[in-house]
Structures are given as structure tokens and as C-alpha cells.
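Residue 10 in full-length UniProt numbering is what sits at position 10 of the sequence shown, and the numbering runs on without skipping anything. Where a beta carbon is used, it is the ideal one built from N, C-alpha and C, also for glycine.
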Amino acid sequence: MAAARFGAIIARMTERPPCIRHYSEIQNPDNSRYETSDELLSIGSPFGRRLGLTRIGIHHELVPPGRRTSFPHAESAEEEFVYVIEGHPDVWLDGVLYPLEPGDAVGFPAGTGQAHTFLNNTNRDVRLLVVGEVAKAENRIRYPLNPAQEALRSDVWTDAPARPMGSHDGIPRPGTRKVVDDTIGRVERDVINRVEHDVINRVDHFVLTVADIEKTCAFYTAALGMRVVSENGRHALHFGRHKINLHQRGREFSPRALHPTPGSGDFCLIADGPLSEIEARLAAAGVPIELGPVERNGALGPMQSVYFRDPDQNLVEVSCYPAGV
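See below:
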């Protein structure tokens with residue numbers, strides 16, 4: 001940021017042609033909002049128009065803490081590209097948040113129906129470069145969470161493709177996303193990039209010490225559809241490419257944890273299907289949900305989770321990532 005300000009000062013000391021502009025010179029007033037709301041949005045600098053470009057639209061968007069670029073929306077005929085220059089915004093895609101960092105880019109092909117906006121949930125400014133097509137007469141727009149805004153428009157996209165919608169309301173909340181120092185982040189990424197691959201590939205299994213193996217097996221088969229495999233006096237619950245080994249309290253196999261205790265487990269399992277299927281299975285098995293569905297950040301990004309207890313009171317989290325993750 002300091003380098004950008006210094007460059008701007010130096011540039012102003014010399015006369016420049018009109019094809020060179022700094023975003024701060026052409027920044028719009030801080031009054032961007034929709035007709036149906038008093039909410040202030042991001043502050044735009046219309047590079048394309050002010051530089052005489054007629055075929056593409058280019059904007060610099062300054063997003064202060066607690067603001068967003070727009071209502072969640074989707075367009076039928078106009079493509080859009082957004083690049084993160086500075087800060088750590090979240091992109092809202094069909095009701096799910098995805099954290100971004102400087103250098104990340106997001107593309108929105110026309111006609112997919114994917115609703116989107118960019119939120120600043122941090123306590124620092126965010127700067128974005130937004131590139132899109134000039135307005136097309138045939139373009140239609142959809143505001144899935146703002147019907148009052150649609151009611152004012154004559155170009156509503158009434159036949160947009162149906163898409164599943166997550167639970168996030170699209171409202172920014174400053175300070176809810178914590179960001180470590182950017183310099184530290186860059187150093188960490190440089191170290192990671194020098195490593196050819198992770199040393200550890202995946203979890204093969206973990207062990208639960210339980211009070212009653214038979215009761216535990218019945219619970220996990222009914223609630224989560226796991227398969228029981230017993231061999232040579234050992235019992236395990238299989239799912240996907242993984243398993244949970246079961247040890248009977250007081251008769252644990254060696255080697256074992258130093259203090260094996262029923263009810264001390266706290267773990268997360270990933271389901272392929274929608275979370276509603278998990279909720280239905282739990283209800284059918286008579287298992288109460290302790291918390292959820294709620295948004296959580298997993299190893300691969302945002303996900304939806306429910307929490308419940310097994311017979312030993314271990315805390316079990318079952319989560320679903322968005323399609324394609």
C-alpha cells in the first residue's frame with residue numbers, strides 16, 4: 001500500500017498523458033447504494049470509462065471493513081472477473097463463503113446462474129480489480145436474496161438456472177475473519193511452495209476407547225451407515241477409505257494412548273451427500289443434534305456441519321463441503 005502511495009506521489013510530479021490514471025484520482029463519491037437500502041457499498045474507480053475504453057469495463061473497488069461490493073446477484077449475458085489486489089475478502093457464492101487472499105482471482109461466466117458478491121469481514125481495507133463486459137441490452141439480472149430490488153427492475157432474470165443455496169445471508173460482519181500479518185503469510189506460502197508435496201497424505205484410522213463395543217457398533221451403523229469389520233477379537237467401523245478401531249475400556253490393545261478414556265473423542269467426518277440426508281438419518285436413529293447446521297472452516301475451506309454425541313458422549317461432527325470441493 002505504501003509503495004502505491006509513493007508511486008502516485010512521484011507520478012503527480014510529472015505531467016502524464018490522459019491514458020495514465022491513479023485510482024484515487026477518479027474515485028467515485030462514497031455514496032454507492034441500492035434504491036431499496038441505506039447500506040453503503042464499495043467505493044468504485046471506473047478505469048475503463050475514464051480511460052476511454054469502450055469494449056470492456058474495468059473498476060478498482062475499495063471495500064472498507066464491514067462492506068460488500070453488491071447485493072448477491074447473477075447475470076445472464078455478461079461475464080465478470082475479479083482479482084484481489086490487497087486484503088482478505090470473502091467471496092459469497094450461492095450462500096457459501098470462500099476466503100480469498102491477495103493474488104486470488106474469481107471468474108463468473110455468463111448464464112450459469114451462480115449468485116455472487118464480495119464481503120469484507122476483516123478490520124482492514126480490501127482492494128479489488130473488477131473486469132467485465134460493457135452493458136448488453138439482452139442481459140438479465142437476478143437478486144436471489146433481495147426481491148425488493150428485483151421489483152424495481154424491468155430486466156429481471158426470471159428463468160435463471162436453479163441452483164442449491166447455502167445458509168449464509170450475504171451480510172458482511174467486520175472482524176469475524178481474523179487475518180495474520182500479510183508478511184508472515186507470504187513467508188509461510190513461500191515455504192509451502194518450496195515443498196514438493198505434503199509428507200502426510202491422509203488419516204488411515206483412529207482409535208476410540210468405548211464402554212460397550214456392541215452398543216457403539218449399533219450406533220454408528222444406524223446413524224452413519226458405517227460397516228462393522230471384526231477379526232481376531234478386534235473390531236472396527238469402516239467408511240470410505242478409512243476406519244475407526246474400537247478398544248474395550250479396560251481391555252485396550254497395546255500400544256495405546258497413555259490415558260484412554262471413553263467420551264474424550266472430538267472429531268469431524270465428511271459426508272458426500274447433502275447435510276439434510278445426515279439430519280434425516282440421525283432423526284430416524286433417534287439421535288438428537290446438539291448444534292447445527294452451522295458454518296465451519298474445514299481443511300479445504302468453508303463447510304456446513306452438525307454436531308451430536310455417540311453412546312460414550314464423544315463429540316461427533318459431520319460436515320459437507322460445497323459441490324466440487
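Please determine, among the options, the residue with the shortest C-alpha to C-alpha distance to residue i.
i, options, result
"Asn121", "Val179, Arg202, Ala218", "Val179"
"Ile56", "Phe239, Phe81, Gly44", "Phe81"
"Gly166", "Asp94, Val63, Ala323", "Asp94"
"Ala160", "Tyr143, Ala299, Met303", "Tyr143"
"Ser76", "Ile141, Pro64, Val134, Asp104", "Ile141"
"Arg68", "Glu61, Trp92, Leu41", "Leu41"
"Ala222", "Gln27, Phe47, Phe308, Gly286", "Gly286"
"Thr209", "Leu282, Ser24, His235", "His235"
"Lys244", "Ser254, Tyr220, Ala283, Gly52", "The sequence shown places Ile at residue 244, rather than the Lys named in the question. Measuring from the Cα of Ile244, the nearest candidate turns out to be Tyr220."
"Asp155", "His168, Ala137, Pro172, Ala218", "Ala137"
"Trp92", "Ile26, Val134, Pro172", "Pro172"
"Pro109", "His168, Asn139, Glu101, Phe253", "Asn139"
"His242", "Asn201, Leu282, Glu101, Glu252", "Asn201"
"Ala218", "Leu282, Gly273, Glu25, Val134", "Leu282"
"Val134", "Ala284, Arg49, Gln248, Gly273", "Arg49"
"Ala323", "Ala74, Ser254, Gly273", "Gly273"
Verify whether the separation of the beta carbon atoms of residue i and residue j is less than 8 angstroms.
i, j, result
"Asp310", "Thr216", "yes"
"Asp320", "Ala280", "As written in the sequence, residue 320 is Cys, which differs from the Asp given in the question. Going by C-beta atoms, Cys320 is not nearer than 8 angstroms to Ala280."
"Arg44", "Glu78", "One detail in the question is off: residue 44 reads as Gly in this sequence, not Arg. Against a cut-off of 8 angstroms, the Cβ pair of Glu78 and Gly44 comes out as no contact."
"Phe206", "Met226", "no"
"Val203", "Asp125", "no"
"Leu246", "Leu237", "yes"
"Phe267", "Val229", "no"
"Phe308", "Glu295", "no"
"Phe47", "Arg21", "yes"
"Gln114", "Arg163", "yes"
"Asp312", "Gly263", "yes"
"Gly66", "Pro174", "yes"
Could you pull out every residue in the same chain whose Cβ sits closer than 8 angstroms to the Cβ of residue i, ignoring the five residues on either side in sequence?
i, result
"Thr183", "With a pLDDT of 46 at Thr183, under the threshold of 50, the predicted position of this residue should be treated as unreliable, and no value is reported."
"Arg177", "His88, Asp90, Pro99, Asn121, Thr122"
"Arg33", "Glu39, Leu40, Leu41"
"Cys19", "Leu51, Gly52"
"Asn28", "Ile43, Gly44, Ser45, Pro46"
"Asn31", "Leu40"
"Glu86", "Met1, Pro102, Asp125, Val126, Arg127"
"Ala105", "Phe81, Val82, Tyr83, Val84"
"Ile26", "Ser45, Pro46, Phe47, Arg50"
"Val191", "In this predicted model, Val191 has a pLDDT of only 48, less than 50, meaning its place in the structure is not dependable; the value taken from the coordinates is given anyway. Excluding residues within five positions, none has a Cβ falling inside 8 angstroms."
"Glu252", "Thr209, Pro260"
"Asn193", "Annotation note: pLDDT 49 at Asn193 (below 50); position unreliable, no value reported."
Ignore the nearest five residues each way along the sequence and tell me which others in residue i's own chain have a CB closer than 6 angstroms to its CB.
i, result
"Phe145", "Note on identity: in this sequence residue 145 is Leu, with Phe being the wrong assignment. Hits under 6 angstroms: Pro72, Gly170."
"Thr54", "none"
"Val130", "His59, Glu61, Val82"
"Val318", "Leu269, Ala271, Ile278, Val306"
"Arg256", "none"
"Tyr23", "Ser45, His60"
"Gln304", "Leu275, Pro293, Cys320"
"Pro147", "none"
"Gln248", "Ile213"
"Gly185", "Caution is warranted here: a pLDDT of 47 is assigned to Gly185, below 50, making its placement in the model unreliable, and the coordinate value is therefore given only provisionally. Answer for Gly185: no residue qualifies."
"Ser254", "none"
Thinking residue i and residue j are a contact (beta carbons under 8 angstroms), I'd like their distance in whole angstroms, please.
i, j, result
"Gln149", "Thr36", "5 angstroms"
"Leu275", "Pro293", "5 angstroms"
"Asn314", "Gly265", "4 angstroms"
"Val84", "Leu128", "6 angstroms"
"Ser70", "Thr112", "Not a contact, Cβ separation roughly 17 angstroms."
"Leu224", "His168", "Contact doesn't hold; Cβ gap of about 26 angstroms is too wide."
If you drop the 5 nearest sequence neighbours on each side, which residues of the same chain put their C-beta closer than 7 angstroms to that of residue i?
i, result
"Gly107", "Phe81"
"Glu214", "none"
"residue 357", "Outside the displayed span of the chain (1 to 325) sits residue 357, for which this structure offers no information."
"Val187", "Confidence is the limiting factor: at Val187 the pLDDT is only 45, short of 50, which leaves the residue's position unreliable, though a coordinate-based value still follows. So the list is empty, once near-sequence residues are dropped."
Are any of the Cβ atoms in chain D nearer than 8 angstroms to that of residue i?
i, result
"Glu101", "The question asks about chain D, but that chain is absent: this structure has only one protein chain."
Complete runs of the alpha helix (DSSP H) confined to the region 121-155 [at least 4 residues]
Runs of the alpha helix (DSSP H) inside the region 121-155: 147-150.
Alpha helix (DSSP H) runs wholly inside the UniProt domain "VOC" (202-321), at least 4 long, in chain order:
213-224, 275-284
Enumerate, from N- to C-terminal direction, the unbroken beta strand (DSSP E) stretches of 3 or more residues contained entirely within the region 43-106.
43-46, 56-63, 80-86, 90-93, 96-99
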